[in-house]
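Visitor:
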Amino acid sequence: MGYRVVVAGATGNVGREMLNILAEREFPVDELAALASRRSLGTEVSFGDKTLKTQDLEQFDFKGWDIALFAIGSDATKKYAPIAAAAGCVVIDNSSLYRYDPDVPLVVPEVNADAVLGYTKKNIIANPNCSTAQMVVALKPLHDRARIKRVVVSTYQSVSGAGKEGMDELWEQTKAVYNPIADVPPKKFTKEIAFNVIPHIDVFLEDGSTKEEWKMVAETKKILDKSIKLTATCVRVPVFVGHSEAINIEFEEFLDEDEARDILREAPGIIVIDKRENGGYVTPKECVGDFATFISRIRQDSTIENGLNLWCVSDNLRKGAALNAVQIAEVLGQKALKKG
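Residue 31 in full-length UniProt numbering sits at position 31 of the sequence shown, and the numbers go up by one each step.
1. Could you tell me which residues DSSP pairs with Ile92 in its beta bridges?
2. Applying the criterion that 16 or more other CB atoms from any shown protein chain within 10 Å of the CB defines a buried residue, is Ile92 buried or exposed?
3. Run through DSSP, which three-state label would Thr155 get?
4. Considering only the beta carbon of each residue, do Gly320 and Lys285 sit closer than 8 Å?
5. DSSP puts Gly42 in a beta bridge; with which residues?
6. Take the Cβ of Thr54 as the centre, count every other Cβ of all protein chains shown within 10 Å, and call the residue buried at 16 or more, exposed below.
7. Count the CB pairs spanning the segment 256–268 and the segment 200–217 that are closer than 8 Å, and state whether there are at least three.
8. Alpha carbon to alpha carbon, how far is Tyr119 from Pro28? Give it in angstroms, no decimals.
9. Could you give the distance in angstroms between the alpha-carbon of Lys63 and the alpha-carbon of Ala84?
10. Rounded to whole angstroms, what's the CA-CA distance from Glu31 to Met135? Just pull it up for me.
11. From the DSSP output, which residues share a beta bridge with Phe251?
12. Please list the terminal residues of the continuous alpha helix (DSSP H) segment that includes Leu323.
13. Please list, in chain order, all residues of the same chain as Gly296 whose beta carbon is under 6 Å from its beta carbon, the five residues on each side excluded.
14. Helix, strand or coil for Lys226? Go by DSSP, reduced to three states.
15. Can you pull the DSSP bridge partners for Leu205?
16. Taking the straight line between their C-alpha atoms, what separation do you get for Ala10 and Ala34?
17. How about the segment 225–232 and the segment 101–119: do they share at least three Cβ pairs that are nearer than 8 Å?
18. Kindly confirm or deny that the segment 161–175 and the segment 137–145 touch, where touching means at least three C-beta pairs closer than 8 Å.
19. Distance check for Leu337 and Met1, CA to CA, integer angstroms please.
20. So, for residue 367: in the same chain, excluding its five sequence neighbours on each side, which residues have a beta-carbon less than 6 Å away from its beta-carbon?
21. Between which two residues does the alpha helix (DSSP H) containing Ile111 stretch?
22. Looking at the secondary structure, which residues open and close the alpha helix (DSSP H) in which Lys14 lies?
23. In three-state terms, what does DSSP make of Thr51?
24. Buried or exposed, going by whether 16 or more other CB atoms sit within 10 Å of the CB of Ile181?
25. Locate the beta strand (DSSP E) running through Leu32, then write down its first and last residues.
What follows is the structure, given as structure tokens:
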């Protein structure tokens, strides 16, 4: 006996990836409903070797369904997640709406899997921000060994983090560079993204940081350890899929780079590719379609007493969103629902 599973937002980048990953990981699905907004009603989506037609999210009855994976943005989630939860369907939400709610667990299974058991307060589990998810996977095993005091992270985030519109804008602007009569002004982004980098993701806050940067701080504290100090600079780059991060870590005690490398090699969800030679590291293009978080460029930081630097890369549509949501569903099944 398996699960009756809903994917809400099934026609979007993350929703389609959720369907792919549910099939790839052979999640025990007895029945699957693909939901979309009314304007996408009837659109066909793939689930393994099956083709499904989307149903109307607005009219859908969640009663009798076990798990709903939401990838519909905060506004729609605010309306429909409580409806699904009240009907007894556990919502795993990819938006930012519930991440900072103390009654909603924020989960990265490699880091805090037991937190899923807190779902009973609201029947909702939150999926973290894409840039946070891959980072805490890398930080967790190192924190367990040497206790992290402070993290300085700079992100290099792909346009798929801004959805299909972001990907389309990069594509159209890139073509326009080679066409002297074409003009594709920025719409999704604040400046031209083609052949450029933009140090601005989400809205600005009063202290000069952006909300994306604030999210990384708040979510790391909630998922990993509230005592960790973290500062972030989040940058949009002209890459279609795959987020990269340069992470500087200060520990409470000394951690040798060789020991750190060994720890990370043994950690769940991580692949270490770290050769000190040309090409001996992973770039975002190489991580597309993979489940893992890749770590490269592990080295001591000689400017502080107990410091390390590393390079962290992951497919943001997978570990940063869809994969993490499906992993949460797997843990929820194992620890609480116990079907399949």
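Every residue gets a Cβ at the ideal spot worked out from N, C-alpha and C, and that includes glycine. Nothing here was measured: the structure is a model prediction, and the numbers come from that model.
Guide: The relevant details are as follows:
1. For this step, residue 92 is matched to residue 92 along the sequence shown. DSSP, once it has assigned bridges, lists Leu69 and Ile125 as partnering Ile92.
2. For the purposes of this step, residue 92 is taken as the residue at position 92 of the sequence shown. Taking every protein chain shown into account, the CB of Ile92 has 16 or more other CB atoms within 10 angstroms, so this residue is buried.
3. Translated into positions along the sequence shown, residue 155 becomes position 155. Annotated three-state conformation of Thr155 is strand, per DSSP.
4. As a working mapping, residue 320 is identified with position 320 in the sequence shown. As a working mapping, residue 285 is identified with position 285 in the sequence shown. Between Gly320 and Lys285, the C-beta gap is not smaller than 8 Å, which leaves the two residues out of contact.
5. For the purposes of this step, residue 42 is identified with residue 42 of the sequence shown, where counting begins at 1. Bridge partners of Gly42: none, in fact.
6. The count along the sequence shown starts at 1 and reaches residue 54 at position 54. It is buried - the Cβ of Thr54 has at least 16 other Cβ atoms within 10 Å.
7. As far as the Cβ criterion goes, the segment 256–268 does not touch the segment 200–217, which means the pair count is below three.
8. On the sequence shown, position 28 is the one that residue 28 refers to. On the sequence shown, position 119 is the one that residue 119 refers to. The alpha-carbon atoms of Pro28 and Tyr119 are separated by roughly 20 Å.
9. Locating residue 63 in the sequence shown gives position 63, counting from the first residue. Locating residue 84 in the sequence shown gives position 84, counting from the first residue. C-alpha of Lys63 to C-alpha of Ala84: approximately 8 Å in a straight line.
10. The residue you call residue 31 lines up with position 31 of the sequence shown. The residue you call residue 135 lines up with position 135 of the sequence shown. If I take the Cα positions, the gap works out to 34 Å.
11. The count along the sequence shown starts at 1 and reaches residue 251 at position 251. Its beta-bridge partners are Ile148.
12. Within the sequence shown, the letter at position 323 stands for residue 323. Boundaries of the alpha helix (DSSP H) around Leu323: Leu323 to Leu332.
13. Locating residue 296 in the sequence shown gives position 296, counting from the first residue. Sequence check: residue 296 is Ser here, not Gly. Excluding sequence neighbours, Ser296 sits near Ile273, Asp274, Tyr281, Val282 and Trp311.
14. Taking the first residue of the sequence shown as 1, we reach residue 226 at position 226. Lys226: coil per DSSP, three-state reduction.
15. Translated into positions along the sequence shown, residue 205 becomes position 205. Answer is none; Leu205 lacks a bridge partner.
16. Within the sequence shown, the letter at position 10 stands for residue 10. Within the sequence shown, the letter at position 34 stands for residue 34. Distance between the alpha carbons of Ala10 and Ala34 is about 6 Å.
17. With the rule of 3 Cβ pairs closer than 8 Å, the segment 225–232 does not count as touching the segment 101–119.
18. No, the segment 161–175 does not touch the segment 137–145.
19. Indexing the sequence shown from 1 puts residue 1 at position 1. Indexing the sequence shown from 1 puts residue 337 at position 337. When rounded, the distance between both Cα atoms is 12 Å.
20. There is simply no residue 367 to check, as the chain begins at 1 and stops at 340 in what is shown.
21. For the purposes of this step, residue 111 is identified with residue 111 of the sequence shown, where counting begins at 1. Strictly speaking, residue 111 in this sequence is Val, with Ile absent from that position. Val111 -> alpha helix (DSSP H) spans Pro109 to Asn112.
22. Numbered from its first residue, the sequence shown carries residue 14 at position 14. Note on residue identity: the sequence assigns Val, not Lys, to residue 14. Where Val14 is concerned, the enclosing alpha helix (DSSP H) stretches over Asn13 to Glu24.
23. The residue labelled residue 51 in the question sits at position 51 within the sequence shown. Three-state result, Thr51: strand.
24. Taking the sequence shown and counting its residues from 1, one reaches residue 181 at position 181. Under this definition Ile181 is an exposed residue.
25. The residue you call residue 32 lines up with position 32 of the sequence shown. That run of the beta strand (DSSP E) goes Val29 to Ala36.
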